[in-house]
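Residue numbers (the numbering used here), protein chains in the order written: chain A, 7 to 283; chain B, 7 to 283.
No residue lacks a Cβ here, since even glycine has one placed at the ideal position from N, Cα and C.
Report on the following structure.
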């Protein structure tokens, strides 16, 4: 029996989501035991409870030697507010754990990867159950935690990889959460940002990743782009090519990550297979 | 006669705006000659013409020894795409010029300040004519270029200062446009961003400005905040205090800058008076 502890470092999920995920897991992955921390359902303003409550739940899940993985319930915004404190208080119980999530939880994945703690993995979260086709996304994460490699992003190749939401990565750059991504293929995706904001993010992120000497950039999905008062005039892939060229980064094509049910699994670091014990 | 050259490094203005500003200037500031570059009205997708057209107009205005100031017509997004090239090609004609604008034009102000070229100044732009009370904002900029200190931000004090839109500053951090702001009082303002995004920006910006050893932060106006699906739970000033405290930066209170007609003038560097020749 593999025990998965679930907490919400940013924003809360509903009991309905937790029940649907639990039901799917018990039906299809009898080897997995899902333990939703009560904090997943806490609410304070924007967040799943105050900072100290989210921090305590994360530490409880991460430091428990009886759990194999910490699965982040949902992104949104807020994991940056507890990431440094969490990392400082992680003990030996966290050392070999998988930490799975994406979007705002990239703050934690980044910090963990920087410190060499556990195995940070970009992939679907319980909240994805609400999406169209969301059961497939959740099933992919459960299968991966159950030992299957089927859900891995297909372009994970010879170089080490990392995957981020573009805005999250932009906010991590230069902070004490930023890992050394030298030699890495970096995959980025975005949701619900105007095209001009995506261009600005790519300007910033490629400038800094060029300094970090990454191996190349891949662009994931860019979804739910709001209408602006006028058309921007170019599409996200053109922008990514433009900024990669300007800053001397190889643009390696697309990546199958994003805020959709098609979001694939990207274990940070060396590629598929070798990441599993 | 003081000649002011106006170009649009980001997005275009209308002829109506230019005419209204010209009329105000000729009525109240007969010592000023406003020269709107034709590029101010160019359009290509989001931008006031393609990058090379915006760059050429900026260089033409900035390198002309017959003009005393370059006034940026409007922000929006796009000056980052030409800032490095522009700075590389500025000659002696730009050395003593005032460069006046704000918002997205902060990319240019930052880069100019970094390189010690001219006198970068945060202040109202021609496009502000469209705002409620916008005539006052434009009048403030014209008066300043005409030699009056009346429009200076009142808290400009003994330390050197710089003023930025928060998102713009976040995108500048760590890039080749970032000036050394050590010992500076940094003023930030924001418009049309969700409160969670403002908290995220403050996280990022204060982390980096703490490393840069700034003297303190002042918060300008935060306007047009979109409604989120739930209340965030704290207001911008609380957030600024929180992140300043977390990152060891003195929070010095509010600043009279922002995306409104009340946006005051902040010459970068040493304080009022000494900045004028």
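Starting from residue i, find everything on chain B with Cβ-Cβ shorter than 8 Å and list it in chain order.
i: residue 177 of chain A; result: 176, 206, 207, 209 and 210
Name the chain B residues that come within less than 7 Å of residue i, Cβ to Cβ?
i: residue 180 of chain A; result: 179, 180 and 214
Identify the contact partners of residue i in chain A, using a Cβ-Cβ distance below 7 Å as the criterion.
i: residue 52 of chain B; result: 202, 236, 238 and 239
Determine, using beta carbons only, whether residue i comes closer than 7 Å to chain B.
i: residue 83 of chain A; result: yes
i: residue 86 of chain A; result: yes
Between the options, which lies nearest to residue i when the distance is taken from Cα to Cα?
i: residue 291 of chain A; options: A/240, A/71 and A/209; result: Examination of residue 291 of chain A is not possible in this model, given that chain A is present from 7 through 283 alone.
i: residue 181 of chain B; options: A/170, A/185, A/217 and A/199; result: A/217
i: residue 267 of chain A; options: A/27, A/126 and A/136; result: A/136
i: residue 198 of chain A; options: A/210, A/233, A/178 and A/223; result: A/233
i: residue 205 of chain B; options: A/85, A/207, A/210 and A/164; result: A/85
i: residue 60 of chain A; options: A/38, A/87 and A/69; result: A/87
i: residue 143 of chain A; options: A/155, A/130 and A/69; result: A/130
i: residue 289 of chain A; options: A/152, A/202 and A/220; result: No statement about residue 289 of chain A is possible, as the shown extent of chain A runs from 7 to 283 and does not include it.
i: residue 171 of chain A; options: A/211, A/76 and A/43; result: A/211
i: residue 31 of chain B; options: B/259, B/8 and B/53; result: B/8
i: residue 224 of chain B; options: B/235, B/51, B/242 and B/156; result: B/242
i: residue 10 of chain A; options: A/54, A/79 and A/134; result: A/79
i: residue 203 of chain A; options: B/214, B/177 and B/34; result: B/177
i: residue 163 of chain A; options: A/149, A/222 and A/33; result: A/222
i: residue 188 of chain B; options: B/207, B/194 and B/214; result: B/214
i: residue 159 of chain A; options: A/271, A/14 and A/252; result: A/271
i: residue 54 of chain A; options: A/35, A/19 and A/36; result: A/19
i: residue 122 of chain A; options: A/141, A/109, A/96 and A/108; result: A/96
i: residue 91 of chain A; options: B/115, B/252 and B/114; result: B/252
i: residue 42 of chain A; options: A/63, A/141, A/228 and A/254; result: A/63
i: residue 183 of chain B; options: B/201, B/128, B/65 and B/118; result: B/118
i: residue 5 of chain B; options: A/24, A/49 and A/39; result: Limits of chain B in this structure are 7 at one end and 283 at the other, which puts residue 5 of chain B out of reach.
i: residue 248 of chain B; options: B/208, B/192, B/13 and B/35; result: B/208
i: residue 200 of chain A; options: B/47, B/45 and B/52; result: B/52
Per the DSSP calculation, residue i is bridged to which residue(s)?
i: residue 50 of chain B; result: B/53
i: residue 195 of chain B; result: B/171
i: residue 128 of chain A; result: A/107 and A/272
i: residue 213 of chain A; result: DSSP lists no partner for residue 213 of chain A.
i: residue 41 of chain A; result: A/11
i: residue 222 of chain A; result: A/191
i: residue 150 of chain A; result: DSSP output for residue 150 of chain A lists no bridge partner at all.
i: residue 249 of chain A; result: Bridge partners of residue 249 of chain A: none, in fact.
i: residue 73 of chain A; result: DSSP, once it has assigned bridges, lists no residue as partnering residue 73 of chain A.
i: residue 144 of chain A; result: BP columns for residue 144 of chain A are empty, so no partner.
i: residue 78 of chain A; result: A/13
i: residue 228 of chain A; result: A/196
i: residue 257 of chain A; result: A/223
Report yes or no: is there a C-beta of chain A within less than 7 Å of the C-beta of residue i?
i: residue 282 of chain B; result: Low per-residue confidence applies at residue 282 of chain B: pLDDT is 48, beneath 50, and the placement is therefore not dependable, though the value from the model is reported in the following sentence. Taking Cβ atoms only, chain A never reaches closer than 7 Å to residue 282 of chain B, which makes this a no.
If we count the other Cβ atoms within 10 Å of its Cβ and call it buried at 16 or more, is residue i buried or exposed?
i: residue 226 of chain A; result: buried
i: residue 280 of chain B; result: With a pLDDT of only 45 at residue 280 of chain B, under the threshold of 50, the placement of this residue in the model should not be trusted; the figure read from the coordinates follows. It counts as exposed.
i: residue 174 of chain A; result: buried
i: residue 230 of chain B; result: exposed
i: residue 17 of chain B; result: buried
i: residue 262 of chain B; result: buried
i: residue 22 of chain B; result: exposed
i: residue 146 of chain B; result: buried
i: residue 58 of chain A; result: exposed
i: residue 186 of chain B; result: exposed
i: residue 168 of chain B; result: buried
i: residue 82 of chain A; result: buried
i: residue 125 of chain A; result: buried
i: residue 156 of chain B; result: exposed
i: residue 134 of chain B; result: buried
i: residue 273 of chain A; result: buried
i: residue 110 of chain A; result: buried
i: residue 195 of chain B; result: buried
i: residue 14 of chain A; result: buried
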